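A.B. asks:
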Amino acid sequence: MGAATHDVTNQATPLVDYNVYGGDRALRDALAHHLPGADETGRLALGALLGSEAMQTHARLANVHKPSLHTHDRFGHRVDTVEFHPSYHALMSAAVGHGLHATPWAARGAGAHIERVANFLMFTELEPSILCPISMTYAVTPALRGNAGVFNDWFAKLASTQYDPRLASIASKTGATMGMGMTEKQGGSDVRANTTRAEHDGDDAWGARYRLIGHKWFFSAPMCDAFLVLAQTAAGLTCFFLPRVLPDGTANGRLNAIAIQRLKDKLGNQANASSEVEFNEALAWRVGEEGRGVAQILEMGTLTRLDCALGTAGLMRGAVSIALHHASQRRAFGKLLAEQPLMKNVLADLALESEAATALALRLARAVDRQDDPFETQMRRVLTPVAKFWVCKRGSALAQEAMECLGGNGYVEEHGEGVMARIYREMPLNSIWEGAGNIMALDLMRALKKRGGTSGDAVQALDTELATTRGANVQLDSFADALLVRLNDGAGEETDARRLAQDVALAVQASLLRRHSTDFMFDAFCRSRLANGPQVYGTLPTGTAFDAIIQRAMPH
Ligand SMILES: Cc1cc2nc3c(=O)[nH]c(=O)nc-3n(C[C@H](O)[C@H](O)[C@H](O)COP(=O)(O)OP(=O)(O)OC[C@H]3O[C@@H](n4cnc5c(N)ncnc54)[C@H](O)[C@@H]3O)c2cc1C
Numbered sequence: 023m024g025a026a027t028h029d030v031t032n033q034a035t036p037l038v039d040y041n042v043y044g045g046d047r048a049l050r051d052a053l054a055h056h057l058p059g060a061d062e063t064g065r066l067a068l069g070a071l072l073g074s075e076a077m078q079t080h081a082r083l084a085n086v087h088k089p090s091l092h093t094h095d096r097f098g099h100r101v102d103t104v105e106f107h108p109s110y111h112a113l114m115s116a117a118v119g120h121g122l123h124a125t126p127w128a129a130r131g132a133g134a135h136i137e138r139v140a141n142f143l144m145f146t147e148l149e150p151s152i153l154c155p156i157s158m159t160y161a162v163t164p165a166l167r168g169n170a171g172v173f174n175d176w177f178a179k180l181a182s183t184q185y186d187p188r189l190a191s192i193a194s195k196t197g198a199t200m201g202m203g204m205t206e207k208q209g210g211s212d213v214r215a216n217t218t219r220a221e222h223d224g225d226d227a228w229g230a231r232y233r234l235i236g237h238k239w240f241f242s243a244p245m246c247d248a249f250l251v252l253a254q255t256a257a258g259l260t261c262f263f264l265p266r267v268l269p270d271g272t273a274n275g276r277l278n279a280i281a282i283q284r285l286k287d288k289l290g291n292q293a294n295a296s297s298e299v300e301f302n303e304a305l306a307w308r309v310g311e312e313g314r315g316v317a318q319i320l321e322m323g324t325l326t327r328l329d330c331a332l333g334t335a336g337l338m339r340g341a342v343s344i345a346l347h348h349a350s351q352r353r354a355f356g357k358l359l360a361e362q363p364l365m366k367n368v369l370a371d372l373a374l375e376s377e378a379a380t381a382l383a384l385r386l387a388r389a390v391d392r393q394d395d396p397f398e399t400q401m402r403r404v405l406t407p408v409a410k411f412w413v414c415k416r417g418s419a420l421a422q423e424a425m426e427c428l429g430g431n432g433y434v435e436e437h438g439e440g441v442m443a444r445i446y447r448e449m450p451l452n453s454i455w456e457g458a459g460n461i462m463a464l465d466l467m468r469a470l471k472k473r474g475g476t477s478g479d480a481v482q483a484l485d486t487e488l489a490t491t492r493g494a495n496v497q498l499d500s501f502a503d504a505l506l507v508r509l510n511d512g513a514g515e516e517t518d519a520r521r522l523a524q525d526v527a528l529a530v531q532a533s534l535l536r537r538h539s540t541d542f543m544f545d546a547f548c549r550s551r552l553a554n555g556p557q558v559y560g561t562l563p564t565g566t567a568f569d570a571i572i573q574r575a576m577p578h
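In this text, residue positions in the sequence shown follow the working numbering: the first is 23, and each later residue adds one.
(1) Out of curiosity, what's the CA-to-CA distance linking residue 250 and residue 163?
(2) Using a threshold of 8 Å, state whether the C-beta atoms of residue 153 and residue 146 are closer than that.
(3) Closer than 8 Å, CB to CB, is residue 326 near chain C or not?
(4) Based on Cα-Cα distance, which residue from 69, 376 and 71 lies nearest to residue 419?
(5) I'd like the ranges of any alpha helix (DSSP H) spanning at least 4 consecutive residues and lying wholly in the stretch 101–180.
(6) Please return the same chain residues whose Cβ sits closer than 6 Å to the Cβ of residue 461, not counting the five positions on each side in sequence.
(7) Any contact between the stretch 352–370 and the stretch 423–434? By contact I mean 3 or more CB pairs, one from each, below 8 Å.
(8) Using only the alpha-carbon positions, how far apart do residue 206 and residue 95 sit?
(9) Quick test of the definition: if touching needs 3 or more C-beta pairs under 8 Å, does the stretch 401–412 touch the stretch 520–538?
(10) Within its chain, find whatever has a CB closer than 8 Å to the CB of residue 499; leave out the 5 residues flanking it on each side and keep chain order.
(11) Can you look up residue 74 in the DSSP assignment and give me helix, strand or coil?
(12) Would you mind reading off the limits of the alpha helix (DSSP H) that contains residue 423?
(13) So, helix, strand or coil for residue 514, using DSSP?
(14) Considering only heavy atoms of ligand 1, does any lie closer than 7 Å to the CB of residue 114?
(15) Output needed for residue 142: all residues of its chain with C-beta closer than 6 Å, excluding positions within five of it in sequence on either side, in chain order.
(16) Are there 16 or more other CB atoms within 10 angstroms of the CB of residue 574, so buried, or fewer, so exposed?
(17) Rounding to the nearest angstrom, what Cα-Cα distance links residue 187 and residue 417 in this structure?
(18) List the whole-angstrom C-beta distance separating residue 86 from residue 92, where the pair is believed to meet the contact cut-off of C-beta under 8 Å.
(19) Determine the contact status of residue 483 and residue 397, defining contact as a CB-CB distance below 8 Å.
(20) What three-state label does DSSP hand residue 354 in the structure shown?
(21) Between the stretch 317–337 and the stretch 287–300, are three or more C-beta pairs nearer than 8 Å?
(22) In the structure shown, what three-state DSSP assignment does residue 303 receive?
(23) From this set, 89, 84 and 161, which residue's C-alpha is nearest residue 285's C-alpha?
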């Protein structure tokens, strides 16, 4: 028998087979506030599934075995197919099966979007990249009402909870997903620079039909069944419905002329395919009026931006859970890491940020849910850019710090099946796509400068929102007062837009923690974030309830 060269000691166990929902006190308390009395049975079941070893294995495999593009078959015919690992399909099947894509549009009742949001956030903790087509389907489905023929033929398939990845005509499918194509080489934020042309080709049961000639530089999830894309007509930028398979009456249909040029080689988001495409007289049907494309895309942007904030909040929760789990098992200098005073500060600070992110994302979801309420419409206008900007900005820094809690293991792909590294690589994406940070900050500034609408304006709405917690904390009162003075004074210059977005986020987050978190979370947030602005993580002031915060955030 050889000498024992390496007994493995003092290594944490993997965080596996736990209930992602059950241990998430922040999410549960926020939901109890927005959906009082709602039944948690379904969420607890989903939470158990998402924390299971089997699903974690699917998440790992779908990222390790990246999608591959096949442009032609072996005889030289174009096939434009992306092949995925079976685990990708298992994840998609679970996401669609739980209605994360379009079911709120079918359910319609109050709270349907908030229910979805909770499930979406939890799913992100398991695997975020497959949620790209899920989010896009959620965002484009209501816009299809701009073409009654398409909407009638597609809506039931888009809202179906059956995942059907076959490339086939819509009539023969049990479910469908959709993507979005705006970004071109010469402009992404500035979509008015789009050069793809649309030429009128005739009319049929789906209305005005066009031929698209041009390209898209980022075209994610190209195996979706259809896409909403922007192209130029004589009247300007217009929105079009572009199916992958043409409705020629056969079950297999005929492939539309969408040539996938190549897949992007991305930093993260590996399980999802993002492509570059060319349209060689691809057939597309107009959605809405000619020349109204930008306005329509902006409407969809609210929903994808909600998902960017949610997705990041989910990733943050995932990272904090792993960090807490690790620190409660790993010992250094005679104590568990979670017992070392300075590490307590880091862990508590991360937990605080994660809960504040969840709170802000759910507040936006409530505004999306109450589409007919004028106050919530104003809040949606404010909180969409604020949540997308702030949560995504804080997410990347949080991932780095959570990784550091694991020491060297955090940086290694293999450890914890590479989850921390995967989270870290994924984080910046939500900040970039669907409107990068500056675009969000400028969008907020525009919303806040528009004063005096018939049903109130965004500044008044923010004032009303913050008034609900006035008097609860001196720091919050003076922070909110100063912010409102600034807004009533014209909201400042473009160069101040990021500062503005940050301050609105902090004021709303503090107010939300007062409404549905504990006193010690609220107090720690006001003392650390409002006095001097956010600092490097691990700088909560002396006297903070470190142990209580850590205990609240423990994933199990
Ligand atoms: C993985 C991935 C998947 C994607 N999938 C899709 C997809 O499916 N469909 C799709 O249409 N697009 C997709 N995108 C594209 C994405 O939405 C764009 O990259 C994004 O909107 C930014 O556009 P851009 O790359 O052209 O950058 P630019 O527009 O050139 O912006 C570059 C920088 O300049 C800043 N900026 C721009 N204008 C101003 C201004 N006026 N003032 C101050 N700063 C400014 C921006 O904030 C940004 O930081 C995807 C991107 C990625 C990374």
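Just so you know, even glycine gets a beta-carbon here, dropped at the ideal spot from N, CA and C. It should be emphasised that the depicted structure is a prediction, and the values quoted were computed from it without experimental measurement.
C.D. replies: In brief:
(1) Along the sequence shown, read from residue 1 onward, the residue named residue 250 stands at position 228. Along the sequence shown, read from residue 1 onward, the residue named residue 163 stands at position 141. One C-alpha to the other measures close to 10 Å.
(2) What you label residue 153 is simply residue 131 of the sequence shown in a count that begins at 1. What you label residue 146 is simply residue 124 of the sequence shown in a count that begins at 1. Yes, these two residues count as a Cβ contact at 8 Å.
(3) The chain inventory of the structure shown lacks chain C, comprising one protein chain alone.
(4) Locating residue 419 in the sequence shown gives position 397, counting from the first residue. Shortest Cα-Cα distance from residue 419 to any of 69, 376 and 71 involves 376.
(5) 108–119, 125–129, 134–148 and 153–162
(6) To locate residue 461, count along the sequence shown from 1; it is residue 439. So the list reads 211, once near-sequence residues are dropped.
(7) yes
(8) Taking the sequence shown and counting its residues from 1, the one referred to as residue 206 is at position 184. Taking the sequence shown and counting its residues from 1, the one referred to as residue 95 is at position 73. Using only the alpha carbons, I get a separation of about 28 Å.
(9) Counting Cβ pairs under 8 Å, three or more are found: they touch.
(10) Locating residue 499 in the sequence shown gives position 477, where the first residue counts as 1. Cβ within range, chain order: 492 and 493.
(11) Walking along the sequence shown from the start, residue 74 turns up at place 52. Residue 74 falls in the coil class under three-state DSSP.
(12) As a first step, residue 423 is located in the sequence shown; it is residue number 401 there, counting from the start. Here the alpha helix (DSSP H) through residue 423 covers 396–427.
(13) The sequence position of residue 514 within the sequence shown is 492, counting from 1. Here residue 514 sits in coil by DSSP.
(14) Residue 114 sits at position 92 when you count from the first residue of the sequence shown. No, the Cβ of residue 114 stays beyond 7 Å of every heavy atom of ligand 1.
(15) Translated into the one-based positions of the sequence shown, residue 142 becomes position 120. Excluding positions up to five away in sequence, the list reads 122 and 332.
(16) Translated into positions along the sequence shown, residue 574 becomes position 552. Around the Cβ of residue 574, a 10 Å sphere holds 16 or more other Cβ atoms; the residue is buried.
(17) Counting from one through the sequence shown, the residue named residue 187 turns up at place 165. Counting from one through the sequence shown, the residue named residue 417 turns up at place 395. Each residue's alpha carbon lies about 32 Å from the other.
(18) Locating residue 86 in the sequence shown gives position 64, counting from the first residue. Locating residue 92 in the sequence shown gives position 70, counting from the first residue. 20 Å between Cβ atoms; not a contact.
(19) Residue mapping note: residue 483 aligns to position 461 of the sequence shown, counting from 1. Residue mapping note: residue 397 aligns to position 375 of the sequence shown, counting from 1. In contact: residue 483 and residue 397 (Cβ atoms closer than 8 Å).
(20) As a working note, residue 354 is residue 332 in the sequence shown. Residue 354 falls in the strand class under three-state DSSP.
(21) The stretch 317–337 is not in contact with the stretch 287–300.
(22) The sequence position of residue 303 within the sequence shown is 281, counting from 1. Correct three-state label for residue 303: strand.
(23) Taking the first residue of the sequence shown as position 1, residue 285 is located at position 263. Looking only at 89, 84 and 161, the smallest Cα-Cα distance to residue 285 is reached by 89.
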